[in-house]
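A.B. asks: Take any residue in the sequence shown, count from 1 to its spot, add 1305: that is its number in this note's numbering.
I'd like to ask you about the structure that follows.
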Amino acid sequence: ASPRLTDYMSFALFLPIGFGVAFQLPLVMFVCERIGLIAAQTFISQWRLAILIITVISMVLTPADFMSMIGMGVPLVFLYFLGIAMCVYFPRRGFQSDQGYDPT
């Protein structure tokens, strides 16, 4: 087999970008929960579906190698549960003062 330089360069550039975007999962979950898009209880109740989706995403983003799929999937599952912990245990902050805001 004689790999081409363009094939290797596309692989070498795509793989770190895929891993980098995928490892933003806890931050995306935390932001979605804070703005009220998805509740933390939804993340907790749908964990089986999330693991299935994580498996499919890690299969698509990695090359045809089982170990690289595991190398991406297992940390993403851990990061999913870390995102749930962030959503549940970091308290929401309200306004700091009891007075209303007067823009004038």
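Just so it is clear, CB atoms sit at the ideal spot from N, CA and C, and this is done for glycine as well.
Predicted model only: the values in this text are computed from it and were never measured.
Mind reading off the beta-carbon distance from Ser-1363 to Met-1374? Whole number of angstroms is fine, and I expect it under 8 angstroms.
C.D. replies: 5 angstroms
A.B. asks: Among Leu-1387, Ile-1356 and Leu-1381, which one has its Cα closest to the Cα of Gln-1326?
C.D. replies: A quick correction: the sequence has Val, not Gln, at residue 1326. Measuring from the Cα of Val-1326, the nearest candidate turns out to be Leu-1381.
A.B. asks: Within its chain, find whatever has a CB closer than 8 angstroms to the CB of Ala-1355; leave out the 5 residues flanking it on each side and keep chain order.
C.D. replies: Phe-1348 and Tyr-1385
A.B. asks: Under 7 angstroms: does the beta carbon of Ser-1315 sit that close to some heavy atom of the ligand GTP?
C.D. replies: No copy of the ligand GTP occurs in the structure displayed, which carries no ligand at all.
A.B. asks: Rounding to the nearest angstrom, what Cα-Cα distance links Phe-1324 and Ala-1317 in this structure?
C.D. replies: 12 angstroms
A.B. asks: Entirely within the region 1322 to 1369 and at least 4 residues each: give me those alpha helix (DSSP H) ranges in chain order.
C.D. replies: As far as the region 1322 to 1369 is concerned, its whole alpha helix (DSSP H) runs of at least 4 residues are 1330 to 1339, 1345 to 1350 and 1352 to 1366.
A.B. asks: With respect to the alpha helix (DSSP H) encompassing Phe-1386, which residues constitute its N-terminal and C-terminal limits?
C.D. replies: 1371 to 1394 is the span of the alpha helix (DSSP H), which, as asked, contains Phe-1386.
A.B. asks: Kindly list the residues whose CB is nearer than 7 angstroms to the CB of Ala-1345, restricted to its own chain and excluding five residues on each side of it in sequence; keep chain order.
C.D. replies: Glu-1338, Ile-1389, Cys-1392 and Val-1393
A.B. asks: Return the chain-ordered list of same chain residues with a C-beta closer than 7 angstroms to the C-beta of Gly-1378, the five sequence neighbours on each side being excluded.
C.D. replies: The answer, listed in chain order, is Ile-1359, Thr-1360 and Ser-1363.
A.B. asks: Do you know whose CA, among Ser-1350, Pro-1368 and Phe-1328, lies nearest Ser-1315's CA?
C.D. replies: Pro-1368
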